[in-house]
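K.L.:
Before I ask anything, here is the structure I am working with.
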Amino acid sequence: MDKKQIFKLLVDSSIGKNIYNSPKALELFKGSFWSILGAVFSKGLVFLSWIIVARILGSEGYGQFGIVRSTVLMFTSFAGFSLGITASKHVAEFLNTDKEKTGRILGLTMSFGFFMGIIVGVLFYLLAPWLATETLNAPEITNELRIGALILFFSALNGAQMGALQGFMSFKRIAKISAIQAVFSFPLFIVGALYFGIYGTIWAFAFSYIIICFLSNFAINKEAKKHKVKVDYSNAWQEKSMLFTYSLPAFLSGLMVMPVKWYADSLLVSRGGFDGMGLFTAALTFNNIILVGAGMLSAPFIAIMAKNKSDDRNSRFSKFNILAPWAIGVFICVPLIVFPEIGSTLFGDTFANTQFKVTFIFVLLFTIVLMFKQGLARIIAVYNLQWWGFLDNMIWGGLLISSFLMLPNQNAVYLALSYLLAYSINTIIIIPLYFSKKLIPEKTIISLESCLIWLIITGVAFVGVYIEQILIRMIILIIALVLFIFSFYRLFNESSKNNL
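In the working numbering, the protein residues as written are 1 to 500.
This is the structure we're talking about:
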């Protein structure tokens with residue numbers, strides 16, 4: 001069967017007809033296809049490299065790498081200034097209607113990213129000795145932190161560039177960039193960890209950012225030429241209002257996340273040591289890979305939603321926005337929750353203990369909650385509700401730190417539990433806001449099917465912790481997956497006659 005026959009077979013199917021006959025669905029399918037392809041290959045390779053690095057460094061060494069990465073990422077939230085989401089949303093919105101404005105938006109976001117990268121990078125380099133000695137009580141990682149200044153500069157610049165590519169709907173180019181970055185980064189991580197320990201691993205981390213930054217810049221020039229858009233730096237400041245009305249609240253919203261995470265990590269290091277940080281970082285690897293992959297899939301949604309803001313909020317597309325990431329999270333995480341020993345087997349003997357097992361399960365549980373919130377985050381981005389995001393993250397940050405401090409021990413297990421409590425309670429508090437503004441399909445969120453899904457997820461967590469027999473766990477997993485398929489199918493189809 002050749003490619004034409006396969007395509008015809010897909011189009012002739014009922015699902016294929018819905019996609020083929022709907023411009024939005026077809027656009028989403030094309031964008032998602034390349035995003036998925038890039039995510040599977042590139043993030044799969046990155047995931048493999050992190051596993052190998054963890055096995056080389058051990059739990060304590062991986063804990064040191066984890067706290068350095070966490071500290072750098074905290075400052076990335078300052079340097080990035082949410083320019084990526086700003087560029088993605090506004091380029092997609094004006095690309096076909098105002099080429100000159102699009103050029104100014106590109107000029108503003110990229111030049112401001114360059115400026116912020118230099119300022120925050122230099123500041124971080126100067127603060128590195130103080131951060132290592134006074135806040136982390138680990139002066140031995142000062143040089144590793146200083147390398148983070150380079151990461152910050154290229155991260156800030158690349159954030160704006162990748163956002164622009166997403167706005168151009170250039171998902172095929174993004175997939176290629178991610179694949180090339182992964183291919184070059186994989187051996188760098190392994191060689192760096194094997195011969196130079198944590199220092200080499202951080203340098204590999206820096207080189208991965210440098211590679212993707214140059215590739216993204218080359219791709220933007222190609223896309224701008226293709227769409228006949230001239231990147232306008234000289235008149236870019238005319239679009240400064242978006243920095244204050246969109247980027248600033250998005251930046252403040254993000255500012256409530258990374259510093260809070262870093263503070264929680266520093267508490268774990270000071271009270272549980274680098275070994276505890278290593279366990280948590282390893283468990284969090286699965287969370288990071290899933291969320292980064294989800295972020296790549298999110299880009300087509302945001303670009304399409306930005307161009308169709310007037311659509312019915314109860315359409316199938318609106319349901320798909322909520323259900324798709326939630327379902328992906330459930331079907332990836334639940335098997336790992338039922339068989340948590342998969343995690344310890346991958347990371348090696350220093351992670352083969354009960355503390356890692358329980359930490360791993362809690363991390364997977366809050367990953368599912370985060371995937372559920374992906375659709376809500378896109379609504380915030382598209383409808384200029386960044387102050388809602390700020391409120392959301394402020395509540396979450398307060399819940400995380402207060403719950404972690406109130407729990408009887410500040411180790412990896414209790415930090416993961418604190419994350420789960422914070423994300424769960426925060427979601428319950430914030431969802432009524434979306435209902436009040438009629439931004440989400442109510443029956444998709446509150447229904448017998450959604451309650452059944454959450455109930456099963458809670459049940460399989462107990463199975464993963466307390467049931468040892470593999471056969472029993474396998475039977476329970478199969479039953480759970482069947483019920484998930486039934487429930488998600490019902491949620492998507494019930495009371496939804498509109499096409500995508």
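Beta carbons are placed, not taken as given, at the ideal position from N, Cα and C, and that holds for glycine.
At the level of alpha carbons, what is the spacing between residue 371 and residue 281?
P.N.:
Residue numbering aside, residue 371 sits at position 371 when the sequence shown is read from its first letter. Residue numbering aside, residue 281 sits at position 281 when the sequence shown is read from its first letter. In a straight line, the C-alpha of residue 371 is about 19 Å away from that of residue 281.
K.L.:
With respect to the alpha helix (DSSP H) encompassing residue 432, which residues constitute its N-terminal and C-terminal limits?
P.N.:
As a first step, residue 432 must be located in the sequence shown, where it is residue number 432. Counting along the chain, the alpha helix (DSSP H) containing residue 432 begins and ends at 412-436.
K.L.:
Is the distance from the Cβ of residue 463 to the Cβ of residue 423 below 9 Å?
P.N.:
Along the sequence shown, read from residue 1 onward, the residue named residue 463 stands at position 463. Along the sequence shown, read from residue 1 onward, the residue named residue 423 stands at position 423. Contact: no.
K.L.:
Whole angstroms are fine: how far does the CA of residue 104 sit from the CA of residue 235?
P.N.:
Residue mapping note: residue 235 aligns to position 235 of the sequence shown, counting from 1. Residue mapping note: residue 104 aligns to position 104 of the sequence shown, counting from 1. Roughly 6 Å separates the two Cα atoms.
K.L.:
Ignore the nearest five residues each way along the sequence and tell me which others in residue 399's own chain have a CB closer than 7 Å to its CB.
P.N.:
Numbered from 1 along the sequence shown, position 399 holds the residue referred to as residue 399. Same-chain partners within the cutoff: 421, 422, 425, 426.
K.L.:
Taking the alpha-carbon positions, what's the residue 40 to residue 329 distance?
P.N.:
Here the question's residue 40 lines up with position 40 in the sequence shown. Here the question's residue 329 lines up with position 329 in the sequence shown. Spanning the alpha carbons of residue 40 and residue 329 requires a straight line of approximately 15 Å.
K.L.:
Whole-angstrom Cβ separation of residue 323 and residue 491, contact assumed at under 8 Å?
P.N.:
Taking the first residue of the sequence shown as 1, we reach residue 323 at position 323. Taking the first residue of the sequence shown as 1, we reach residue 491 at position 491. Yes, residue 323 and residue 491 are in contact; Cβ-Cβ is about 6 Å, under 8 Å.
K.L.:
When you compare each of 287, 362, 477, 261 to residue 402 by their alpha carbons, which one comes out closest?
P.N.:
Taking the sequence shown and counting its residues from 1, the one referred to as residue 402 is at position 402. Of the listed residues, the one whose Cα sits closest to residue 402 is 261.
K.L.:
Since I believe residue 193 is in contact with residue 502 (beta carbons under 8 Å), could you give me their beta-carbon distance rounded to a whole number of angstroms?
P.N.:
Residue 502 lies beyond the stretch modelled for the chain, which goes from 1 to 500, so this question has no answer here.
K.L.:
Taking the alpha-carbon positions, what's the residue 67 to residue 468 distance?
P.N.:
Taking the sequence shown and counting its residues from 1, one reaches residue 67 at position 67. Taking the sequence shown and counting its residues from 1, one reaches residue 468 at position 468. The straight-line gap from Cα to Cα measures roughly 33 Å.
K.L.:
Just to confirm the assignment, what range does the alpha helix (DSSP H) spanning residue 49 have?
P.N.:
Taking the sequence shown and counting its residues from 1, one reaches residue 49 at position 49. Taken as a continuous stretch (DSSP letters only), the alpha helix (DSSP H) holding residue 49 covers 44-80.
K.L.:
Just verifying my parser: in three-state terms, what is the DSSP assignment at residue 348?
P.N.:
As a first step, residue 348 must be located in the sequence shown, where it is residue number 348. In the structure shown, residue 348 sits in coil (DSSP, three-state: anything other than H, G, I, E or B).
K.L.:
Got a sec? Which residues, its chain only, sit under 8 Å from residue 319 by beta carbon, not counting five neighbours each side?
P.N.:
As a working note, residue 319 is residue 319 in the sequence shown. 441, 444, 491, 492, 496.
K.L.:
Identify whether residue 90 lies in helix, strand or coil by the three-state DSSP scheme.
P.N.:
Taking the first residue of the sequence shown as position 1, residue 90 is located at position 90. Residue 90: helix per DSSP, three-state reduction.
K.L.:
Output the boundary residues of the alpha helix (DSSP H) element that contains residue 140.
P.N.:
The residue given as residue 140 occupies position 140 in the sequence shown. Run containing residue 140: none; DSSP gives neither H nor E here.
K.L.:
Here's a check: name, in chain order, each residue in its chain whose Cβ is nearer than 6 Å to the Cβ of residue 154, leaving out the five neighbours to either side.
P.N.:
As a position in the sequence shown, residue 154 is number 154, starting the count at 1. Cβ-Cβ distances below 6 Å link residue 154 to 209, 210, 213 in the same chain, with the five nearest sequence neighbours on each side left out; the list follows chain order.
K.L.:
Mind checking whether residue 61 and residue 198 have CB atoms under 9 Å apart?
P.N.:
The residue you call residue 61 lines up with position 61 of the sequence shown. The residue you call residue 198 lines up with position 198 of the sequence shown. Yes; because the gap between Cβ atoms is below 9 Å, this pair is in contact.
K.L.:
Identify whether residue 361 lies in helix, strand or coil by the three-state DSSP scheme.
P.N.:
To locate residue 361, count along the sequence shown from 1; it is residue 361. The answer is helix: DSSP assigns residue 361 an H, G or I state.
K.L.:
Compute the Euclidean distance between the alpha carbons of residue 429 and residue 389, then round it to the nearest angstrom.
P.N.:
For the purposes of this step, residue 429 is identified with residue 429 of the sequence shown, where counting begins at 1. For the purposes of this step, residue 389 is identified with residue 389 of the sequence shown, where counting begins at 1. Cα-Cα distance, rounded: 13 Å.
K.L.:
Go to residue 246, then tell me how far its alpha helix (DSSP H) extends in each direction, as first and last residue.
P.N.:
For the purposes of this step, residue 246 is taken as residue 246 along the sequence shown, with counting starting at 1. First-last for residue 246: undefined, no H or E at that position.
K.L.:
Does DSSP classify residue 475 as helix, strand or coil?
P.N.:
Within the sequence shown, residue 475 is the residue found at index 475, counting from 1. DSSP places residue 475 in helix when its eight states are reduced to three.
K.L.:
Quick test of your reading: residue 159 and residue 95, contact by CB under 8 Å. State the CB separation rounded to the nearest angstrom.
P.N.:
Walking along the sequence shown from the start, residue 159 turns up at place 159. Walking along the sequence shown from the start, residue 95 turns up at place 95. Actually they do not touch by this definition, with Cβ atoms about 19 Å apart.
K.L.:
On the CB-based measure, 16 or more other CB atoms within 10 Å of its CB, does residue 169 come out buried or exposed?
P.N.:
Translated into the one-based positions of the sequence shown, residue 169 becomes position 169. When all chains shown are included, residue 169 counts as buried.
K.L.:
Just to check my reading of the structure: residue 122 and residue 149 have Cβ atoms closer than 8 Å, yes? What is that Cβ distance to the nearest angstrom?
P.N.:
Position 122 of the sequence shown holds residue 122. Position 149 of the sequence shown holds residue 149. Yes, residue 122 and residue 149 are in contact; Cβ-Cβ is about 7 Å, under 8 Å.
K.L.:
How big is the Cα-Cα spacing for residue 49 and residue 287?
P.N.:
Along the sequence shown, one-based indexing puts residue 49 at 49. Along the sequence shown, one-based indexing puts residue 287 at 287. Taking the straight line joining both Cα atoms gives about 15 Å.
K.L.:
Please report the distance separating the alpha-carbon of residue 406 from that of residue 466.
P.N.:
Taking the first residue of the sequence shown as 1, we reach residue 406 at position 406. Taking the first residue of the sequence shown as 1, we reach residue 466 at position 466. About 25 Å.
K.L.:
The alpha helix (DSSP H) that contains residue 172, what's its start and end?
P.N.:
Numbered from its first residue, the sequence shown carries residue 172 at position 172. That run of the alpha helix (DSSP H) goes 171-226.
K.L.:
According to the Cβ coordinates, are residue 359 and residue 415 closer than 9 Å?
P.N.:
Counted from its first residue, the sequence shown places residue 359 at position 359. Counted from its first residue, the sequence shown places residue 415 at position 415. For residue 359 and residue 415, yes; Cβs fall inside 9 Å.
K.L.:
How should residue 74 be labelled, buried or exposed, when 16 other C-beta atoms within 10 angstroms of its C-beta is the threshold for buried?
P.N.:
Taking the sequence shown and counting its residues from 1, one reaches residue 74 at position 74. Buried.
K.L.:
When you compare the stretch 265-276 with the stretch 328-348, are there three or more beta-carbon pairs, one atom per stretch, that lie closer than 8 Å?
P.N.:
no
K.L.:
Taking 9 Å as the CB-CB cut-off, is residue 267 touching chain D?
P.N.:
Of the protein chains in this structure there is only one, and it is not chain D.
K.L.:
Rounded to whole angstroms, what's the CA-CA distance from residue 53 to residue 72? Just pull it up for me.
P.N.:
The count along the sequence shown starts at 1 and reaches residue 53 at position 53. The count along the sequence shown starts at 1 and reaches residue 72 at position 72. In a straight line, the C-alpha of residue 53 is about 18 Å away from that of residue 72.
K.L.:
Taking 9 Å as the threshold (C-beta atoms), are residue 231 and residue 110 in contact?
P.N.:
To locate residue 110, count along the sequence shown from 1; it is residue 110. To locate residue 231, count along the sequence shown from 1; it is residue 231. In this structure, residue 231 lies closer than 9 Å to residue 110 by Cβ.
K.L.:
Ordered along the chain, which non-local residues of its own chain (more than five positions away) have a Cβ less than 6 Å from that of residue 58?
P.N.:
As a working note, residue 58 is residue 58 in the sequence shown. Taking residue 58 as the centre and dropping the five residues before and after it, the same chain places the C-beta of 350 closer than 6 Å to its C-beta, in chain order.
K.L.:
Could you name the residues of the same chain whose beta carbon sits closer than 6 Å to that of residue 504, not counting the 5 residues immediately before and after it, in chain order?
P.N.:
Limits of the chain in this structure are 1 at one end and 500 at the other, which puts residue 504 out of reach.
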